[in-house]
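Below is one structure, written out as structure tokens; the observations come after it.
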Amino acid sequence: MEKIVLPDIKDLHLIDVYIKNNGFNAVKKALLQKPDDIIDQVKRSGLRGRGGAAFSTGLKWSFMPKTTDKPKYLCVNGDESEPGSFKDRQIFEYNPHQLIEGILITCYAIGAKTAYVYIRGEYHKWIKLFQKALDDAYSQGYVGKGMKTKFQTDFFCDIYVHKGAGAYICGEESSLMNSLEGKRGYPRVKPPFPAQFGLWGCPTTINNVETITNVPAIINNGWEWFSKIGEPKHPGTILYGISGHVNKPGVYELPSGMLLTDLIYNYAGGVPGNKKILCVIPGGSSMPPLRGDKIEGVKMDAESLKAVGTSIGTGGIIVMDEDTDLVKVLARIAKFYYHESCGQCTPCREGTGWMLKILNRILNNEGSSKDLDLLISVASNIEGNTICALGEAAAWPVKFMVQRFRDYFEKRVSPEVLIPVANKVHSMRHTAFPIADIKE
Amino acid sequence: MTNFKFTEENLKKIDEIIKKYPVKRPAVMPVLYIAQEQNGWISQEVMLEVAKILDMHPEEVLGIVTFYTMYYQKPMGKYHIQVCTNVSCMLRGAYEIYDRVKDKLGIGNMQVTGDKIFSLEEVECMGSCGTAPMIAVNEDYYENLSKEKVEEILESLKKS
Numbered sequence: 005m006e007k008i009v010l011p012d013i014k015d016l017h018l019i020d021v022y023i024k025n026n027g028f029n030a031v032k033k034a035l036l037q038k039p040d041d042i043i044d045q046v047k048r049s050g051l052r053g054r055g056g057a058a059f060s061t062g063l064k065w066s067f068m069p070k071t072t073d074k075p076k077y078l079c080v081n082g083d084e085s086e087p088g089s090f091k092d093r094q095i096f097e098y099n100p101h102q103l104i105e106g107i108l109i110t111c112y113a114i115g116a117k118t119a120y121v122y123i124r125g126e127y128h129k130w131i132k133l134f135q136k137a138l139d140d141a142y143s144q145g146y147v148g149k150g151m152k153t154k155f156q157t158d159f160f161c162d163i164y165v166h167k168g169a170g171a172y173i174c175g176e177e178s179s180l181m182n183s184l185e186g187k188r189g190y191p192r193v194k195p196p197f198p199a200q201f202g203l204w205g206c207p208t209t210i211n212n213v214e215t216i217t218n219v220p221a222i223i224n225n226g227w228e229w230f231s232k233i234g235e236p237k238h239p240g241t242i243l244y245g246i247s248g249h250v251n252k253p254g255v256y257e258l259p260s261g262m263l264l265t266d267l268i269y270n271y272a273g274g275v276p277g278n279k280k281i282l283c284v285i286p287g288g289s290s291m292p293p294l295r296g297d298k299i300e301g302v303k304m305d306a307e308s309l310k311a312v313g314t315s316i317g318t319g320g321i322i323v324m325d326e327d328t329d330l331v332k333v334l335a336r337i338a339k340f341y342y343h344e345s346c347g348q349c350t351p352c353r354e355g356t357g358w359m360l361k362i363l364n365r366i367l368n369n370e371g372s373s374k375d376l377d378l379l380i381s382v383a384s385n386i387e388g389n390t391i392c393a394l395g396e397a398a399a400w401p402v403k404f405m406v407q408r409f410r411d412y413f414e415k416r417v418s419p420e421v422l423i424p425v426a427n428k429v430h431s432m433r434h435t436a437f438p439i440a441d442i443k444e
Numbered sequence: 204m205t206n207f208k209f210t211e212e213n214l215k216k217i218d219e220i221i222k223k224y225p226v227k228r229p230a231v232m233p234v235l236y237i238a239q240e241q242n243g244w245i246s247q248e249v250m251l252e253v254a255k256i257l258d259m260h261p262e263e264v265l266g267i268v269t270f271y272t273m274y275y276q277k278p279m280g281k282y283h284i285q286v287c288t289n290v291s292c293m294l295r296g297a298y299e300i301y302d303r304v305k306d307k308l309g310i311g312n313m314q315v316t317g318d319k320i321f322s323l324e325e326v327e328c329m330g331s332c333g334t335a336p337m338i339a340v341n342e343d344y345y346e347n348l349s350k351e352k353v354e355e356i357l358e359s360l361k362k363s
């Protein structure tokens with residue numbers, strides 16, 4: 005199988021090697037066509053966003069207004085903070101020029117003259133690597149005003165790197181834009197959507213790093229070629245990141261629709277000690293987990309995973325063996341979302357803390373049987389009641405883990421435990437009453 | 204209150220950064236990084252100076268500093284040890300590593316050793332899930348760790 009995003013070519017991160025391997029030919033080809041034709045090809049290719057929502061990339065581009073007196077922008081989302089995801093850093097390290105070329109084609113298609121690549125702050129090393137690649141591309145005239153002579157065209161665009169500073173929420177597109185504008189990373193209410201009102205109120209498109217890196221290959225080889233790779237409804241390759249209890253964790257580029265078991269046992273080398281699998285999270289920590297005894301025959305693409313009640317997310321697969329303490333795992337996940345909630349919406353700001361406290365209670369063997377329903381109730385009241393999808397991201401793991409592993413969780417709680425009123429979630433804050441005096 | 208002033212060299216860098224954006228304000232995040240590099244942490248004086256340079260209210264700069272975890276609101280150690288304990292790392296023994304670092308340095312989360320050499324932070328997913336467990340020392344990642352390896356890293360940092 006041919007790899008699209010991370011081909012096995014030595015030193016491909018060097019601009020000379022990239023050029024020798026057909027580099028920057030796609031942008032040359034694209035600049036001879038009309039922007040609308042590029043959008044059309046990407047739409048027909050069936051390319052879907054690789055950042056989590058799996059939305060049609062071409063369709064997203066087509067939302068950009070054709071006539072506007074405002075400048076248009078492209079934001080490239082390299083915030084990559086979803087636990088279990090570690091794919092974009094491979095692109096920055098091993099194939100940065102294809103990302104740059106993808107950005108140029110995207111900018112041409114949507115009519116943007118400026119692109120910002122937002123990279124998470126912790127990725128100091130990868131920011132430097134990408135910046136080096138970008139500087140090389142600038143100096144050889146592939147980016148910026150040099151494009152005019154290099155490609156004999158009127159079109160040119162600038163690419164800038166913007167470094168994040170440790171906020172998971174900035175991977176959410178509207179939060180990313182606020183962060184880029186120099187504000188706190190609060191998500192915005194939609195509509196208006198970024199294509200109407202994005203960066204500084206101008207039309208903006210936001211795409212994931214992996215998504216954009218696919219674009220040059222589509223232009224080079226045609227949309228038909230791309231649409232035939234993997235699952236027809238979610239074509240192309242996916243960078244599957246496999247972590248947790250496997251012998252060979254790592255990023256594997258393979259066609260969409262791979263069998264989950266194939267990925268775990270054949271590519272990632274199976275589970276250490278040949279242990280059974282208790283639980284698998286298929287797309288980063290915010291996606292509903294699957295029971296280990298239900299992964300047989302599950303395919304890794306947006307539609308197939310939807311059918312089994314979960315989602316492809318970022319393709320970050322976390323495997324847990326039979327000895328894993330699921331309460332501990334869920335409490336850790338809950339802690340993450342509690343830490344990362346931006347605090348704008350009450351259900352998320354308060355609910356994430358409540359879920360964490362209940363889970364810690366269960367972890368300390370102080371959980372009541374009522375706590376499981378309470379967890380589902382709190383999660384259900386966050387879901388759908390927040391500005392952005394962090395609400396769902398926080399609620400889903402809790403809700404589905406408890407529902408799908410009810411038997412497991414029942415063993416960790418006791419009907420004997422009565423929760424004193426002062427210890428109930430809604431009165432967790434400092435209470436004036438001595439807890440011992442309060443009876444249920 | 205002693206005033207904070209950017210060095211000439213850093214002021215030039217800031218001028219270059221501002222050019223990347225149509226307005227001044229988006230430069231606040233990179234400028235705060237430069238300030239942190241120069242000053243070691245983001246003090247109130249730093250925020251006042253950043254606000255002045257970028258025509259912002261000091262409160263807006265404070266809002267940024269308190270929202271993003273990578274701006275330190277107090278001086279940290281020469282080596283800031285960040286241990287990821289999120290799920291993928293946790294499944295491969297991150298808490299053992301975290302506890303080992305804690306014991307070895309004798310400090311807790313967001314604390315600094317008496318000699319100001321080390322500080323410790325329990326961090327969220329750093330994107331090293333495939334090479335877990337990991338720690339980061341200042342800007343550098345150390346991956347595929349064991350308790351023993353972490354101890355070696357700490358020892359060699361202590362000597363340097």
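If you read the sequences in order, they're chains A and B.
When you line the first sequence up against the working numbering, it's residues 5 to 444, in that order.
When you line the second sequence up against the working numbering, it's residues 204 to 363, in that order.
Heads up, the beta-carbon is just placed ideally off N, CA and C, and yes, glycines get one too.
In this text, all values refer to a predicted model and were calculated from it rather than measured experimentally.
For residue i, name the three-state secondary structure that DSSP assigns.
{"i": "H101 (chain A)", "result": "helix"}
{"i": "D83 (chain A)", "result": "coil"}
{"i": "N341 (chain B)", "result": "coil"}
{"i": "P259 (chain A)", "result": "strand"}
{"i": "T288 (chain B)", "result": "coil"}
{"i": "P241 (chain A)", "result": "The displayed chain sequence assigns Thr, not Pro, to residue 241 (chain A). Three-state result, T241 (chain A): strand."}
{"i": "G145 (chain A)", "result": "coil"}
{"i": "D377 (chain A)", "result": "helix"}
{"i": "V312 (chain A)", "result": "coil"}
{"i": "S183 (chain A)", "result": "helix"}
{"i": "G266 (chain B)", "result": "helix"}
{"i": "G254 (chain A)", "result": "strand"}
In the DSSP assignment, what are the bridge partners of residue i?
{"i": "A119 (chain A)", "result": "A:L78 and A:I163"}
{"i": "R2 (chain A)", "result": "The displayed coordinates of chain A run from 5 to 444. Any statement about residue 2 (chain A) would go beyond what the structure contains."}
{"i": "Y283 (chain B)", "result": "The displayed chain sequence assigns His, not Tyr, to residue 283 (chain B). For H283 (chain B), which the question treats as bridged, DSSP gives the partners B:S322."}
{"i": "K303 (chain A)", "result": "A:L263"}
{"i": "I322 (chain A)", "result": "A:S247 and A:I285"}
{"i": "N211 (chain A)", "result": "A:V80"}
{"i": "S372 (chain A)", "result": "A:S418"}
{"i": "V193 (chain B)", "result": "Only positions 204 to 363 of chain B appear in this structure, which leaves residue 193 (chain B) out of reach."}
{"i": "R52 (chain A)", "result": "A:S60"}
Using the C-alpha atoms, what's the distance from residue j back to residue i?
{"i": "E344 (chain A)", "j": "Q156 (chain A)", "result": "47 Å"}
{"i": "S291 (chain B)", "j": "E263 (chain B)", "result": "35 Å"}
{"i": "I216 (chain A)", "j": "Y244 (chain A)", "result": "17 Å"}
{"i": "Y286 (chain A)", "j": "S89 (chain A)", "result": "The sequence shown places Pro at residue 286 (chain A), not Tyr. Answer to the nearest angstrom: the Cα atoms are 11 Å apart."}
{"i": "I380 (chain A)", "j": "K14 (chain A)", "result": "50 Å"}
{"i": "Y271 (chain A)", "j": "K361 (chain A)", "result": "38 Å"}
{"i": "K215 (chain B)", "j": "S179 (chain A)", "result": "29 Å"}
{"i": "A436 (chain A)", "j": "K129 (chain A)", "result": "Caution is warranted here: a pLDDT of 45 is assigned to A436 (chain A), below 50, making its placement in the model unreliable, and no coordinate value can be reported."}
{"i": "V147 (chain A)", "j": "A119 (chain A)", "result": "11 Å"}
{"i": "D302 (chain B)", "j": "N312 (chain B)", "result": "11 Å"}
{"i": "Y127 (chain A)", "j": "H166 (chain A)", "result": "12 Å"}
{"i": "P276 (chain A)", "j": "D44 (chain A)", "result": "46 Å"}
{"i": "K91 (chain A)", "j": "K303 (chain A)", "result": "19 Å"}
Using only CA atoms, which one of the options lies nearest to residue i?
{"i": "Q200 (chain A)", "options": "A:A393, A:T71 and A:F160", "result": "A:T71"}
{"i": "Q94 (chain A)", "options": "A:F134, A:A398, A:Y164 and A:P286", "result": "A:F134"}
{"i": "K403 (chain A)", "options": "A:G313, A:R365 and A:N369", "result": "A:G313"}
{"i": "S418 (chain A)", "options": "A:S315, A:N389 and A:S373", "result": "A:S373"}
{"i": "K281 (chain B)", "options": "B:T272, B:Y271, B:E342 and B:P233", "result": "B:E342"}
{"i": "Y122 (chain A)", "options": "A:L78, A:D158 and A:E86", "result": "A:L78"}
{"i": "D306 (chain B)", "options": "B:K350, B:Y345, B:G333 and B:G330", "result": "B:K350"}
{"i": "F209 (chain B)", "options": "B:Y224, B:V249 and B:K227", "result": "B:V249"}
{"i": "L363 (chain A)", "options": "A:A335, A:E228, A:R353 and A:I321", "result": "A:A335"}
{"i": "L103 (chain A)", "options": "A:E185, A:D40, A:L264 and A:V80", "result": "A:V80"}
{"i": "E240 (chain B)", "options": "B:K227, B:N213 and B:L265", "result": "B:N213"}
{"i": "C392 (chain A)", "options": "A:V193, A:K154 and A:D20", "result": "A:V193"}
Who are the near neighbours of residue i in its chain, counting only those whose CB is closer than 8 Å to its CB and skipping five residues on each side?
{"i": "I284 (chain B)", "result": "V304, L308, F321, S322, L323, E324, I338, A339, V340 and L357"}
{"i": "L51 (chain A)", "result": "S60, T61, G62, T215, N218, V219, I222, F230, P239 and G240"}
{"i": "K149 (chain A)", "result": "F160"}
{"i": "V234 (chain B)", "result": "I217, I220, V253, I256 and L257"}
{"i": "K339 (chain A)", "result": "L360"}
Can you give me the Cβ contacts of residue i inside the same chain, cut-off strictly under 7 Å, excluding the 5 residues immediately before and after it?
{"i": "Y98 (chain A)", "result": "L10, L16 and H17"}
{"i": "V406 (chain A)", "result": "L376, L379, I380 and F413"}
By Cβ distance below 6 Å, which residues in the same chain neighbour residue i in space, the five residues on each side in sequence not counted?
{"i": "G355 (chain A)", "result": "V382 and I386"}
{"i": "C174 (chain A)", "result": "D83, G168, L180, S183 and G189"}
{"i": "K252 (chain A)", "result": "A272 and G273"}
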